[in-house]
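Going by the working numbering, the first residue of the sequence shown is number 6, and it counts up by one from there.
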Amino acid sequence: MTHDQLRIFLKVAELGSFTQAGETLFLTQPAISLQVKTLEQHLGVPLFERKGRQVLLTEAGVRLLPHARRIMEEIADARARVAELSSGALGTLRIGSSTTIGTAILPSILYEFSRKNPQIRTSLSILNSHRIVFDLKTSEIDIGFIEGDLTRTEAQGVRRSFLAQDRLVLVDSRDKPYVAGDETSLQEIRRLPLILREAGSGTRQILEDSLLDRGYPIDLFTVSLTVGHTGVIKKMVGKGAGIAFMSVLAIEKGDQELLRTVRVRDFSPIRDLWIVTPGRRVSSATRLFLDCVHESLNWDSRL
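Below, the structure is given as structure tokens:
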């Protein structure tokens with residue numbers, strides 16, 4: 006099964022005529038017939054049948070049609086990607102990411118991507134998960150990295166692929182701790198000042214959902230501050246302003262001088278991190294970046 010055979014098959018199917026297909030492709034009618042016959046012999050089934058002057062698809066031809074179109078689209082896309090790469094005309098890549106993924110996972114990937122593709126102008130915006138989906142749908146960004154689930158409305162027109170798994174942990178000040186010892190409970194935490202991420206963030210969503218599953222709505226807790234950035238929360242906790250739940254990925258080696266993690270009995274929320282892309286075909290620059298993500302994280306889910 007060759008590229009030319011599929012190209013001719015599609016043109017005959019489109020026009021319903023061997024003669025018109027030949028005229029369109031600048032081939033003789035016998036040449037068209039020979040390519041179709043060779044393809045039919047390869048597949049072992051007839052693809053067309055004649056009804057008067059009209060050429061119609063057989064059941065086998067109908068089944069082959071969407072696959073042939075998809076193969077031709079992939080070939081065209083592959084050619085375009087290679088051509089863009091060789092010409093350096095790949096343009097820009099706009100990435101939107103949640104704080105955790107943008108600060109803990111993407112930096113090393115971005116470095117490698119920029120090293121391999123210096124001709125692509127890449128930008129990264131740190132946003133909450135709801136804003137990322139909105140910007141993706143309005144074409145403000147090309148690809149997004151989010152935490153937590155999408156609402157039914159948000160999921161429309163968006164493709165989601167698994168990136169990695171994360172866990173939320175409780176952090177307390179090392180010098181001015183609120184929790185005595187290395188273990189506590191949700192009941193004990195209720196009376197302590199809790200610092201939260203802003204509404205709309207993936208961390209806030211998974212925390213509230215997990216607490217509610219345990220019978221502890223967020224209203225039962227003493228929320229002292231709401232902060233829109235994990236780095237600020239770490240500094241506030243380190244100074245003794247309160248305790249906070251945050252991604253284990255967000256805790257770096259240097260943070261351990263100011264922070265300590267505390268085990269919460271029977272409570273260790275696990276969440277999935279996701280890649281979101283538009284439902285339409287993505288750009289070549291986006292595909293190259295997804296390849297880089299795959300190589301870095303051994304991610305098996307491809308677009």
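All C-beta atoms in this analysis are idealised placements derived from N, C-alpha and C, irrespective of residue type, glycine included.
Reduced DSSP secondary structure (H/G/I, E/B, other) of residue i
i           : result
residue 126 : strand
residue 217 : helix
residue 152 : strand
residue 7   : coil
residue 20  : helix
residue 101 : strand
residue 317 : In this structure the chain extends from 6 to 308, so residue 317 is not present and cannot be described.
residue 131 : strand
residue 311 : In the structure as shown, the chain starts at 6 and stops at 308, and residue 311 therefore has no counterpart that could be examined.
residue 78  : helix
residue 260 : helix
residue 66  : helix
residue 139 : helix
residue 306 : Because the pLDDT of residue 306 is 39, which lies under 50, any placement of that residue in the model is unreliable, and the number read from its coordinates should be weighed accordingly. If DSSP states are grouped into helix, strand and coil, residue 306 belongs with coil.
residue 96  : coil
residue 222 : coil
Host alpha helix (DSSP H) of residue i (start-end)
i           : result
residue 120 : 111-121
residue 44  : 34-48
residue 143 : Segment: none, residue 143 is in no alpha helix (DSSP H) and carries neither H nor E.
residue 298 : 289-302
Backbone CA spacing between residue i and residue j [nearest angstrom]
i           : j           : result
residue 214 : residue 285 : 31 Å
residue 1   : residue 176 : The requested residue 1 is not part of the displayed model; the chain covers only 6 to 308.
residue 129 : residue 60  : 53 Å
residue 241 : residue 226 : 18 Å
residue 54  : residue 63  : 6 Å
residue 193 : residue 266 : 16 Å
residue 270 : residue 190 : 5 Å
residue 173 : residue 276 : 8 Å
residue 295 : residue 8   : 27 Å
residue 51  : residue 66  : 8 Å
residue 220 : residue 195 : 12 Å
residue 116 : residue 217 : 39 Å
residue 110 : residue 145 : 22 Å
residue 268 : residue 239 : 17 Å
residue 282 : residue 165 : 7 Å
residue 17  : residue 75  : 17 Å
residue 178 : residue 168 : 31 Å
residue 41  : residue 71  : 17 Å
residue 92  : residue 122 : Any reading at residue 92 must be qualified, since the residue scores a pLDDT of 49, below 50, and its modelled position is unreliable; the value itself is stated next. Roughly 12 Å separates the two Cα atoms.
residue 264 : residue 243 : 6 Å
residue 2   : residue 222 : This structure gives no information on residue 2, because the portion of the chain shown stretches from 6 to 308.
residue 299 : residue 273 : 28 Å
residue 232 : residue 104 : 12 Å
residue 38  : residue 28  : 13 Å
residue 106 : residue 81  : 33 Å
residue 108 : residue 185 : 30 Å
N-terminal and C-terminal residue of the beta strand (DSSP E) that residue i is part of
i           : result
residue 53  : 53-56
residue 59  : 59-62
residue 191 : That residue, residue 191, is in no beta strand (DSSP E); its alpha helix (DSSP H) goes 191-194.
residue 237 : Run containing residue 237: none in the beta strand (DSSP E); it sits in the alpha helix (DSSP H), 235-243.
residue 205 : It is not in any beta strand (DSSP E) - residue 205 carries neither H nor E in the DSSP assignment.
residue 184 : No beta strand (DSSP E) contains residue 184, which DSSP labels as neither H nor E.
residue 230 : 227-232
Test: residue i CB closer than 7 Å to a CB of chain C
i           : result
residue 294 : Protein chain content of the structure displayed is limited to a single chain, and chain C is not contained in it.
Cβ-based neighbour list, residue i, same chain, cut-off 6 Å, excluding 5 preceding and 5 following
i           : result
residue 3   : Since the displayed the chain opens at 6 and closes at 308, residue 3 lies outside it and no answer follows.
residue 133 : 205, 206
residue 24  : 34
residue 101 : 130, 132, 137, 140, 146, 149
residue 245 : 178, 181
residue 230 : 200
residue 202 : 208, 209
residue 26  : 16, 17, 20, 37
residue 228 : 199, 201
Residue i - partner residues in DSSP beta bridges
i           : result
residue 248 : 199
residue 175 : 250, 267
residue 283 : 163
residue 170 : 277
Close-in-space but distant-in-sequence residues of the same chain around residue i (CB under 8 Å, 5 per side omitted)
i           : result
residue 291 : 98, 147, 148, 282
residue 48  : 6, 65, 69
residue 15  : 70, 73, 74, 77
residue 162 : 142, 283, 284
residue 211 : 152, 153, 173, 274, 276
Neighbourhood of residue i by C-beta, 7 Å cutoff - its chain only, sequence neighbours within 5 removed
i          : result
residue 43 : 10
Contact test: residue i Cβ vs the ligand NAP heavy atom, cutoff 6 Å
i          : result
residue 50 : Inclusion of the ligand NAP in the displayed structure is not the case, the ligand content being empty and no account of it being possible.
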